[in-house]
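Quick notes on the structure that follows.
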Amino acid sequence: MAMSEQTVTAIKSYQNQAQVLVKNYIIADPFIPYTSILAGLLACKVVYDLTQLISTFYFKAYNGLTKIQRMEWNNRGISTVHAIFITALSLYYVFWSDLFSDQQHTGPITFRSSWLSNFGLGVSVGYFLADLGMIFWLYPSLGGMEYVVHHSLSGIAVAYSMFSGEGQLYTYMVLISEVTTPEINMRWYLDTAGMKRSTTYLVNGVIIFFAWLIARILLFVYMFYHVYLHYDQVVEMHAIGYLLVFVVPFVLAIMNVMWFGKILKGLKKTLAKRQ
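Following UniProt numbering, the numbering of the sequence shown begins with 1 at its first residue and continues without gaps.
Structure representation (structure tokens):
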């Protein structure tokens, strides 16, 4: 009985120490940017290994791929998991959370943030760093200069928003565009697995078209309109943040329109073959 009480006391002591550690260091405001980036990098490594492990046992096509193709297969697993995570968090903050609501009277929306919003952005910074490292390591197998530009601009904007606490609403609006990533990755998986002529490939292509139109074209129009309506608050930002709010989304929007043209052309070609 005495040993049991000692054990319970020891367990409670460790729990209290863990809670203090988490509260004072891991989720403490000064440390969130760094712990979240490390969490993002660690998550990328874990997902990469899990994708490799699962694919080896459950996907026959995986074992027949070249080394570079297997690395890209695993890397796309990372981007898919990140896209699901950041899209869900972005939708919450943009459409459901009160943090950036106009009804809140806690100062300009361009300066609002929370520990969770900072943590989510930090995880994305960790992902962009890991993905850029993979792109440079295997360049140009995982993507050309357009991917370097896209990831670099995105990573810089997200990192600035996290460290400064400025413009997080617009950062999360842009990050909603990651909703198209799982579909793009599925297209690559189907193509690599020799299922380019399957009905699944065609349906996925149609989903990509509408998802891209909504998340990477119309949503950007909405974001610029929102900036216009709240320009008096945007102009209060630091010059760097002010510049990023306009330059980064504008450049990404141009790239999205160019890629959308390729998606439309590819969908037309696929439908023509079907007919």
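For each residue, glycine too, the CB sits at the ideal point set by N, CA and C.
Tell me whether the beta-carbon of G241 lies closer than 9 Å to the beta-carbon of E183. The answer is no: Cβ separation not under 9 Å.
Do you know whose CA, among F224, K265, M258, lies nearest V247's CA? Ranking F224, K265, M258 by Cα distance to V247 puts F224 first.
Alpha carbon of N75 to alpha carbon of Y48, nearest angstrom: Using only the alpha carbons, I get a separation of about 6 Å.
Taking all protein chains shown into account, do 16 or more other C-beta atoms lie within 10 angstroms of the C-beta of R197, making it buried, or fewer, making it exposed? The residue is exposed, with fewer than 16 neighbouring Cβ atoms inside 10 Å.
Please check the pair R70 and Y62, which I expect to be a contact at CB under 8 Å, by giving their CB distance rounded to whole angstroms. Contact between R70 and Y62 holds, with the beta-carbon distance rounding to 7 Å and staying under 8 Å.
4-residue-minimum alpha helix (DSSP H) runs that sit fully inside the stretch 174 to 218, ordered along the chain: Taken in chain order, the complete alpha helix (DSSP H) segments of 4 or more residues contained in the stretch 174 to 218 are 181 to 192, 199 to 212.
From S124, T56, R112, pick the residue whose C-alpha is nearest to that of T80; which is it? The option with the nearest alpha carbon to T80 is S124.
Can you grab the Cα-Cα spacing for the pair E178 / I78, in whole Å? In this structure, the straight-line span from the alpha carbon of E178 to that of I78 is close to 13 Å.
Residue range of the alpha helix (DSSP H) that F31 falls in? Here F31 belongs to no alpha helix (DSSP H), and DSSP marks it neither H nor E.
Straight-line CA distance for L50 to Q103? If you take the alpha carbons of L50 and Q103, they lie about 43 Å apart.
Length of the line joining the Cα atoms of S36 and F100: Spanning the two alpha carbons is a distance of roughly 21 Å.
Separation of Y147 from L38, as counted between CA atoms: A direct Cα-Cα distance of roughly 23 Å separates L38 from Y147.
Express the C-alpha separation of L213 and L169 in angstroms, rounding to a whole number. Here the alpha carbon of L169 sits roughly 21 Å from the alpha carbon of L213.
Out of V221, V245, V235, point me to the one whose CA is closest to N256's CA. For the residues V221, V245, V235, the minimum Cα distance to N256 belongs to V221.
If we count the other Cβ atoms within 10 Å of its Cβ and call it buried at 16 or more, is S161 buried or exposed? Classification of S161: buried, given that the 10 Å Cβ count is 16 or more.
Check whether the Cβ atoms of V234 and T106 sit closer than 9 Å, and answer yes or no. No Cβ-Cβ contact shorter than 9 Å links V234 with T106.
With DSSP collapsed to three states, give me the class of E166. Taken through DSSP and simplified to helix, strand or coil, E166 comes out as coil.
L132 at chain D interface by Cβ criterion, 9 Å: This model lacks chain D altogether; it includes just one protein chain.
Nearest to K67 by CA position, among I54, L138, A43, G40, is which residue? Per the C-alpha coordinates, the member of I54, L138, A43, G40 positioned closest to K67 is L138.
Straight-line Cα distance separating T180 from T192: Taking the straight line joining both Cα atoms gives about 19 Å.
Candidates G122, A83, L218, I176: closest to I32 by CA position: Ranking G122, A83, L218, I176 by Cα distance to I32 puts G122 first.
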